[in-house]
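In what follows, a structure is listed as structure tokens, so that the remarks can point back to it.
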Amino acid sequence: MHLLVVSVRMYYACADRKKLPMWLLNFLLSPEQDERLPNKCEVCKFLSVELQDALEKSGRSKEVLELGEVLDSGRRRRKIKYYTSETRLTEALDNICERVLQYNVHAERPGSLRYAKGASQTMTTLKNLVHKGVKVDLGLPFELWDEPSVEVSDMKKQCETMLEQYEEVVEDWYFNHQEKRLESFLCQNQVLKTSEQECIKEMWKGDMRIKSEAKEAESHGAEEERKSHDAGEL
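The opening position of the sequence shown corresponds to residue 11 in the working numbering, with each subsequent residue numbered one higher.
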């Protein structure tokens with residue numbers, strides 16, 4: 011049974027739901043969900059994803075740039091399509107690693123899938139408990155719960171280092187090999203050894219199973235509550 015589902019069931023089993031017991035909080039944030047710094051494969055994967063996305067968005071522009079100065083001789087300035095210009099690449103690379111800070115740790119997911127945009131299932135559960143009046147102590151103020159985690163902040167730093175180290179490779183891909191996926195050209199062919207490429211194959215297929223199990227857990231909790239109520243009337 012999924013960790014989150016078991017946790018929800020244990021929450022419903024608690025006599026005092028206004029304060030989340032430490033043992034249950036520890037279970038929700040068990041060692042299985044402890045922070046784990048991102049590896050090189052994960053850093054390269056999300057650097058590629060974000061850069062490819064930024065370029066795909068700007069690639070829709072039909073703008074034409076004029077380069078150089080108009081000389082006394084009357085020569086016209088050279089024109090170049092924005093799509094193939096160095097300007098487009100420079101703009102896409104500008105603060106590209108900052109976009110990594112939009113990710114959150116989804117500790118309930120395996121491998122590189124633990125990094126994704128949007129609130130994690132675990133954090134959503136904890137926030138829902140807080141909104142129901144349950145006291146949850148994570149060791150930091152509630153308003154800081156959405157700040158970038160240690161893992162995500164570390165990924166940003168690794169992203170910046172990797173980009174600086176492989177800048178020429180990225181430029182070569184942009185000017186000569188855009189028909190290939192950056193993830194393949196950069197990560198699989200340049201950055202990673204074959205034994206380090208496992209995360210590249212990992213694809214998120216949705217969270218319908220998690221939602222189904224969570225709904226099952228809530229139903230189970232309601233049933234337990236009804237039984238407890240019936241027993242109290244005897």
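Glycine included, C-beta positions come from ideal geometry on N, C-alpha and C. In this text the structure is predicted, and so the values were computed from the model without any measurement.
Can you give me the C-alpha to C-alpha distance between residue i and residue j, rounded to a whole angstrom?
i, j, result
"Y93", "V201", "26 Å"
"F56", "V110", "7 Å"
"S122", "N114", "12 Å"
"S163", "K145", "27 Å"
"V180", "K166", "17 Å"
"K89", "N186", "19 Å"
"K137", "Q112", "19 Å"
"E157", "K127", "13 Å"
"G143", "T135", "13 Å"
"E170", "C107", "6 Å"
"E212", "R119", "11 Å"
"A129", "D104", "26 Å"
"Q188", "D182", "9 Å"
Between which two residues does the beta strand (DSSP E) containing residue i stretch?
i, result
"Y125", "Y125 to K127"
For residue i, collect the residues of the same chain with a Cβ closer than 7 Å to its Cβ; drop the 5 residues on either side in sequence, then sort them by chain order.
i, result
"Q250", "Nothing can be reported for residue 250: it is not among the residues displayed for the chain, which extend from 11 to 244."
"R124", "V115, H116 and A117"
"R219", "Confidence at R219 is low in this model, with a pLDDT of 45, below 50, so its placement is unreliable and no value can be given for it."
"S58", "L192, E193, L196 and C197"
"K215", "none"
How far does the alpha helix (DSSP H) with residue i in it extend, from its first residue to its last?
i, result
"N186", "E177 to N186"
"V115", "It is not in any alpha helix (DSSP H) - V115 instead sits in the beta strand (DSSP E) that spans Y113 to V115."
"C54", "K50 to S68"
"L202", "Per DSSP, L202 belongs to no alpha helix (DSSP H) and is neither H nor E."
"V110", "From DSSP, V110 is part of no alpha helix (DSSP H); its letter is neither H nor E."
"K137", "Q131 to H141"
"R98", "E96 to L103"
What does a CB cutoff of less than 8 Å around residue i pick up in its chain, not counting 5 residues either side in sequence?
i, result
"A102", "L61, A64, L65 and S68"
"C209", "N49, C51, E52, K55, G121 and S122"
"G149", "none"
"Q207", "C51, C197 and Q198"
"Q175", "none"
"K248", "In the structure as shown, the chain begins at 11 and stops at 244. Residue 248 is therefore absent and cannot be evaluated."
Note down, in chain order, each residue of its chain lying with its Cβ closer than 6 Å to the Cβ of residue i, except the 5 sequence neighbours on either side.
i, result
"Y184", "L99"
"L35", "Any reading at L35 must be qualified, since the residue scores a pLDDT of 47, below 50, and its modelled position is unreliable; the value itself is stated next. Here the set comprises nothing."
Report buried or exposed for residue i, applying the criterion of at least 16 other Cβ atoms within 10 angstroms of its Cβ.
i, result
"M133", "buried"
"M172", "buried"
"E161", "buried"
"Q131", "buried"
"E177", "exposed"
"T204", "exposed"
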